[in-house]
Structure formats: C-alpha cells, structure tokens
Amino acid sequence: MRSANLQFQKLDTMLLNDLKLFFRDKKSLILVVLTPFLILSILINIFYFSDVAENIRGVKLAVCDMDGGGFELESEIFDSTIFTGDCEAEVAEKVATGRFRGAVVIPEDFRKDLLEGRGTEMKLFVDSSKQTTAVVTSNAVKAYVSDLNEKMGTAFILNAWDQLKELNDNLRFLVTNLERAKPVAVELQQRLNSINADLSSIDFEAQHQAVSDLIGFLNLMEIQLDYVNQSFSGLSEIPQIPSISYNPDTSVALNEYNINSAVLRARYCNASGTIPILTEDPICSLLDYTDGVMGAVAADAADLSAYQAELNAKIADLNYQSAALNQSMSRLSAMVDSGSEQNAEMRRRIGAVRDNLLFLDAKTENVTQSIIELNQSVGRFLGDMIRVTDELNQTIDVLDSYTKKDPATILRPVKVDSRPVFKDKLEIFYRLPALMSIILLFITLFISSSLIVNERRGGTMARIFLSPISMFFYVFEKMAYLLLLCLVAVLSMLLATFAFRVPVELGLDLFLVFIVASLVYISLGVLIGSFSKSENTSLLTCLVIGFPLMFLSGAFNPPELMDKFMRVASQYLPLTLNIDLLEKITIYHTGMDPAKLLVMVGMIVVFYVLAVLMIRKKPTLK
Numbered sequence: 011m012r013s014a015n016l017q018f019q020k021l022d023t024m025l026l027n028d029l030k031l032f033f034r035d036k037k038s039l040i041l042v043v044l045t046p047f048l049i050l051s052i053l054i055n056i057f058y059f060s061d062v063a064e065n066i067r068g069v070k071l072a073v074c075d076m077d078g079g080g081f082e083l084e085s086e087i088f089d090s091t092i093f094t095g096d097c098e099a100e101v102a103e104k105v106a107t108g109r110f111r112g113a114v115v116i117p118e119d120f121r122k123d124l125l126e127g128r129g130t131e132m133k134l135f136v137d138s139s140k141q142t143t144a145v146v147t148s149n150a151v152k153a154y155v156s157d158l159n160e161k162m163g164t165a166f167i168l169n170a171w172d173q174l175k176e177l178n179d180n181l182r183f184l185v186t187n188l189e190r191a192k193p194v195a196v197e198l199q200q201r202l203n204s205i206n207a208d209l210s211s212i213d214f215e216a217q218h219q220a221v222s223d224l225i226g227f228l229n230l231m232e233i234q235l236d237y238v239n240q241s242f243s244g245l246s247e248i249p250q251i252p253s254i255s256y257n258p259d260t261s262v263a264l265n266e267y268n269i270n271s272a273v274l275r276a277r278y279c280n281a282s283g284t285i286p287i288l289t290e291d292p293i294c295s296l297l298d299y300t301d302g303v304m305g306a307v308a309a310d311a312a313d314l315s316a317y318q319a320e321l322n323a324k325i326a327d328l329n330y331q332s333a334a335l336n337q338s339m340s341r342l343s344a345m346v347d348s349g350s351e352q353n354a355e356m357r358r359r360i361g362a363v364r365d366n367l368l369f370l371d372a373k374t375e376n377v378t379q380s381i382i383e384l385n386q387s388v389g390r391f392l393g394d395m396i397r398v399t400d401e402l403n404q405t406i407d408v409l410d411s412y413t414k415k416d417p418a419t420i421l422r423p424v425k426v427d428s429r430p431v432f433k434d435k436l437e438i439f440y441r442l443p444a445l446m447s448i449i450l451l452f453i454t455l456f457i458s459s460s461l462i463v464n465e466r467r468g469g470t471m472a473r474i475f476l477s478p479i480s481m482f483f484y485v486f487e488k489m490a491y492l493l494l495l496c497l498v499a500v501l502s503m504l505l506a507t508f509a510f511r512v513p514v515e516l517g518l519d520l521f522l523v524f525i526v527a528s529l530v531y532i533s534l535g536v537l538i539g540s541f542s543k544s545e546n547t548s549l550l551t552c553l554v555i556g557f558p559l560m561f562l563s564g565a566f567n568p569p570e571l572m573d574k575f576m577r578v579a580s581q582y583l584p585l586t587l588n589i590d591l592l593e594k595i596t597i598y599h600t601g602m603d604p605a606k607l608l609v610m611v612g613m614i615v616v617f618y619v620l621a622v623l624m625i626r627k628k629p630t631l632k
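The sequence shown lines up with residues 11 to 632 when you count with the numbering used here.
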C-alpha cells in the first residue's frame, strides 16, 4: 500500500519533468502543436466546397470534331481544345499520355444523322487514373448528351404531336361523316325491306294459273272451231224449192224435202247431241220454221189446188229464206275461219305473256335475292360503321390523351428528386471526423513510439527495475503524459476548425471519444516502440501500420468497395471505430455507441499489457 502511494506521489514529478522536456524540445512542440493545425488547415482548404461538380474548373478536354459542324461543349468545367479531321487516334493518345483529362470524339455526319432521325454515337476517352476528374468529365458529357437527346426527342415528339393532331382532326371529320351516313344507311335498309315486302306480295302463281286457264279455254274453243269448220266444209248449199203447179201428187216433192230437212237437222241441229250447243243455230231455227211450213203444206196438200197461189208465195219466201240461210252460212264459215286465226294469234300472244311471266318471276326471284344480299350488306355495313365509329372515337380519345402530354414527361417519365439529408453542408463537414482521426493517429504513433525508443536507448527503462516504481506504473505515466500531448493536438485541430469556420459541436461525448482514441493510439505506439530497435524502425513501423488503417477505415473509399473479408475486418480496426464514433456525434447526432467504445477500451488494455511485457523482456535497445 505504501509502495502504491509512493508511486502516485512520483506521478506529478514525472509528468512535470516530461512536460519540461517537451517544451524544451522544439521538434516535439512543433509536431504536437503546429503540425495538426497546419495539416488540418490545408485539408480544410482542399475540401472547403459543397459540390465537386460545382467547384471543379479548368479540366482540359480535347474535342475531336470530325463532323466539322462547330461543336461546342458549353461548360465552365472544361478548358476545351478543338481538333478537326481524322483526329480520334490523336486525342486518344493525348489522353493516354496525360495531356488531357478527357476527349470527346464527334463522328462524321453527326448533325445530319440527328436531323434525319438516325442514331449516332459519341466517343468519350477519360483519364481514369484521376478518379474525380474522370467521374466529373463523364457525368458532364453524359448530362450534355442527355440534354441533347431530350431536345431532339422533344422536337421529334412535338412534330409527331402536330401530325397526330392533324390525324385526329381527320378522324373527327370521318366520324362526323360516318354518323351522317348512318341514318342514310338505315333509311336505305328500310326501303330495301319495303321493296322486298312488295315483291314478296306479288302472286305470280295466281297469274300463272289464270294464264293456264285462259290457254285451256282457247284450246277448247279451237277444238269447237275446228269441228264447226269441218262441218261447214262438207255442207252443200240449200237448194231452191221450185214453184208448185197444180199437181195432185205432191208426195214426191215433200219426201225429197223431208230427206233434205233431216240431213240439215242432222248436221246443224245436233240431233245426236255430241256437240255442245254454245249458241242457238239459225239454220236449226230456219229448219224448224221450214218444217212447220212444210207441215202446213202437207196439211194443205189436199187442198193444194185451192191454195196453190198462196203456197207458191210461201215457197218463194222459203227460197228467199234459203238463199239468206246460204248467205249466212257463208258468212258464218268465214267468221269461223277468222275466229280460228284470231284464236291462234291469241294463243301466241298468251304464250308470249306466259313466257314474260316466267321471265318476270325469275327476275323477281333474282331481284329479291339481290335485295336480301344488299340488305345484309347494308346491315353489315351499319354494324361495321358502328364498330369503326366506336373504335375511331376511342382512337380519338387516346390521341387526345397522348397529344395533351408534355414530351418531357415521355422522354423522362421518372424524375429523381434528390434531397440531401445534410443540405448546404461543405465537403469538409463530412470528412472532418476522418481527417482529425488520421492526423491524431499518425502524430500519436510517431510521438509515443519515438518516446519509448529514446527511453530505451537512454537506459531509463533498465533503471526502472532498480527503483520502487513498477513498469506498469511507469508506462501508465508515459501514457498519461502522451495523453496530454494528444489533447493539445486535438485542441490545435479544433482551433483550425474555428479559424476556418467549420461547424463542430463540442461536448463531453466528443472529448471522451478523443481521449479513448488517443489512448488506443498511445498504447499502440508504446507497443511499437517496445520492440523497435531505432527511431527509424519505429517510424517505418508506424507507417506500415498507419497506412493500412487509414485506407481500410473508409476515409477515402467507401467500405462497400472492399471484398467481404476486408469489409468485415475493417469494422473492428481502431481508426475505423474512432471515425465511426465521431461521425455519429458530429454528423448524425445519434450519440456514442457504447459497444464500440468498449471495444476500443479493450484494445487499450491489450496493447498496454503487451507493451509492458515487451519492455520487461527487453528494456534497452541492446
């Protein structure tokens, strides 16, 4: 217990001695006080911008204009130099030799291909060894090409819109005419239906039947006329009755008359009943009358002598009637002949009428079928007209909806509204935690490792074994002394941030992280100094350890660019933990992560114990 108290009493003395030595050593003073301020000031000036693309200027760009159209890439970023002719290989060689950061090759017929709607291609050569300028150059040229494509596309779409609007107007005119034609087609269909109904109402069967009945009647009349004509052809004229002179014997004449009368009756009065009597035959009437007269003559024959004069008068009258009958028979025969000719002519005409009826019937059927087909065509036309009208109206609506759109929304239907979470912040705001941690790392490693090497060279470590102070306490005192120097370096860097107006929110958590990180770096530096044989070896070892820690920390490249193993391993490195804790405090304002802080405390213990053990093992350089 007394030994421990004695050791703590010696702590003040040892710290004061170390501080006196520090202030006497101008090199250490500059390294701890001025170096952090100068380095961070330089880095603040380098990263004192809000956007790389907005601040970068004077990037040397070669433009190979093989089109000869006076191509100009208007941008403040580039310092352009124009080349003409077949210059693609030339500008590519200039970029490859570092004389230009990039080169744009405009192919032949560039503007002509654009105006004629053919695709074209611009070539871009970039110096990929300079990542920042390469990215800025590529993005600027791509933005120019994107704007050019948008302008060309907008002009093309506007022209297409004009043509579509004209087409839409024509479609509206067509729809209007179709709507006007629709009632006309409906009326035509109604008229066709009416005509078809009228044609269907015509009874051609009844007409055919009437014509057939008329032809049958004419055939029957022809038969009767032929029979009458045959009868007249074999008939002789009625003889004249001679005048009766007184002759008591009149039976011979009466018998001759009766014979002739019977013959005439057989011929003209249809005594057999075979021929139908259409009209009363004048010959029969005359025979009846003559028979009556002859009967009277026969009755009066007995008294012929008394009535001779009267009888002769009657005979004369009878002869006159006979002559008239013969004359009538001649006229009747002529009439029968004329009736036969008229009957034949009527049969011919009725035949022609029947042929015309048959032709008209056939034509009516053809016309009816044509009307039905035409009606069906009109119906299909109406259906197609309605369908086409509906489709045209839908097309008009679609064209209206398209032509109302802005071409820019078609070329770029999706826009990204980029909203930075930390708006209007300088680049140094994001890089400050990493830069301060890296500066603190290297300064602490250099000072602590050099201090331990000097102590070992001077034999101080060996003398500790002869003193009441333990090696653990001695190393602890050196770490406390180095911690004070680290805090001075931290204050120097904070002074640089205030000098350049870089916003940093100070707090206990911020200083706690700096203290823990400083102790980690101090213990690591002490460990390096414990096995280094010279200052050069310690400095080289610090560089060998510090540079991997710096590049694996994600300060300059995101961890996502590393492979999986390195990405996982980098998360547990002291510099990575330090940067992450500072970012959470200064950028994200989420406070410290206790788990990561405990990991760093564990590193302090491990490095401290290893350093003490190494110094015990070899307290001097010999």
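Glycine is no exception: its CB is placed at the ideal position from the N, C-alpha and C atoms.
Quick caveat, the model's predicted, so the values are computed rather than measured.
Item	Value
Consult DSSP for ASP400 and reduce its assignment to one of helix, strand or coil.	helix
Figure out for me which residue from ILE589, GLN200, ILE438 and GLU118 has the closest Cα to the Cα of ARG511.	ILE438
Looking at the structure shown, is ALA323 part of a helix, part of a strand, or coil, going by DSSP?	helix
For the alpha helix (DSSP H) containing SER548, list its first residue and its last residue.	545 to 562
Could you round the C-beta distance between THR586 and GLY564 to whole angstroms and report it? I think they count as a contact, below 8 Å.	7 Å
Quick check on the burial criterion: 16 or more other C-beta atoms within 10 angstroms. Buried or exposed for ALA99?	exposed
Secondary structure at GLY112, three-state DSSP: helix, strand or coil?	strand
For the alpha helix (DSSP H) containing ILE92, list its first residue and its last residue.	No alpha helix (DSSP H) holds ILE92; the beta strand (DSSP E) holding it covers 88 to 94.
How big is the Cα-Cα spacing for GLU189 and ILE167?	32 Å
Using only alpha-carbon positions, find the residue among LYS433, ILE474, GLU215 and SER480 that is nearest to ALA372.	GLU215
So VAL114 packs on VAL73, CB below 8 Å; how close in whole Å?	5 Å
Checking 9 Å against the spacing of the C-beta atoms, do GLY535 and ILE462 come in under that value?	yes
For SER348, which residues of its own chain have a beta-carbon under 7 Å away from its beta-carbon, when the five flanking residues on both sides are left out?	none
Please name the residue, chosen from MET132, GLU126, ARG182 and SER139, that lies closest to ILE116 on a Cα-to-Cα basis.	MET132
Give the C-beta separation of GLY108 and PHE135 to the nearest angstrom, bearing in mind that I take them to be a contact with Cβ-Cβ under 8 Å.	Contact flag wrong, Cβ pair sits at about 12 Å.
Go ahead and pull the three-state DSSP assignment for LEU134.	strand
Between the Cα of GLN331 and the Cα atoms of ARG357, ASP298, ALA354 and ASP137, which residue gives the shortest distance?	ASP298
Determine the DSSP secondary structure at THR630, reduced to helix, strand or coil.	coil
Is it a yes or a no for the stretch 485 to 497 touching the stretch 453 to 467, going by three-plus beta-carbon pairs under 8 Å?	yes
With three or more beta-carbon pairs closer than 8 Å as the criterion, would you say the stretch 441 to 452 touches the stretch 579 to 594?	yes
If I follow the unbroken alpha helix (DSSP H) through LYS104, where does it start and stop?	98 to 106
Have a look at SER340, ARG34 and PRO584 and flag the residue whose alpha-carbon is nearest the alpha-carbon of LEU451.	PRO584
When you compare the CB positions of SER85 and ALA150, do they come within less than 9 Å of one another, or not?	yes
With distances taken between CB atoms, is the gap from VAL101 to PHE93 smaller than 9 Å?	yes
Leaving out five residues on either side along the sequence, give the residues of the same chain with a beta carbon under 8 Å from the beta carbon of LEU39.	PHE32 and PHE33
Compute the beta-carbon to beta-carbon distance between SER540 and MET624, rounded to the nearest angstrom, for a pair I have assumed lies under 8 Å.	4 Å
Taking a contact to mean a Cβ-Cβ separation below 9 Å, would you say LEU402 touches VAL69 in this structure?	no
So, is GLU465 buried or exposed, given that buried needs 16 or more other C-beta atoms within 10 angstroms?	buried
Mind checking whether ASP77 and ASP119 have CB atoms under 9 Å apart?	yes
Keeping to the same chain, check which residues put their C-beta closer than 6 Å to that of MET11; ignore five residues upstream and five downstream.	Per-residue confidence for MET11 stands at a pLDDT of 46, beneath the threshold of 50, marking its modelled position as unreliable; no derived number is given.
State the DSSP-derived secondary structure class of TYR618, mapped to helix, strand or coil.	helix
Are there 16 or more other CB atoms within 10 angstroms of the CB of ILE54, so buried, or fewer, so exposed?	buried
Closer than 6 Å by C-beta to MET471: which residues in its own chain qualify, once you throw out the five before and the five after it? Chain order, please.	GLU465, ILE625 and PRO629
Note down, one range per segment and in chain order, each alpha helix (DSSP H) of at least 4 residues found wholly within the stretch 461 to 520.	470 to 474 and 481 to 509
Mind checking who CYS74 pairs with in its DSSP beta bridge?	PHE93 and VAL115
Which of helix, strand or coil does DSSP assign to VAL69?	strand
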